[in-house]
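These notes are about the structure you will find just below.
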């Protein structure tokens, strides 16, 4: 799946306290590139377009197909913007 397909199908998985106000977050993107792997990005809160762009750049740099996403998890949140 792509980033957008994964979020549409599975939503944002949350592995941190999101009860406080926050403007940015660290997001773990799990993907299958012949084996399970993950990478992490800091984005403005719930900004799907920003996450998609960052993952696309990551895929180009590492010769990975962008439709290999298996899950997306919020692992940390911040008060300030990314």
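Residue numbers (our numbering): 3 to 84. For glycine and all other residues, C-beta sits at the position ideal for the given N, C-alpha and C.
Within the model, the alpha-carbon separation for residue 61 versus residue 22 is close to 32 Å.
Boundaries for residue 18: no beta strand (DSSP E) harbours it, and the DSSP string shows neither H nor E there.
The C-beta distance from residue 50 to residue 6 rounds to 6 Å, short enough to fall under 8 Å. Taking the Cβ atoms as the reference, residue 27 lies roughly 23 Å from residue 69, outside the contact range of under 8 Å. For residue 25, the closest of 45, 18 and 12 by C-alpha to C-alpha distance is 45.
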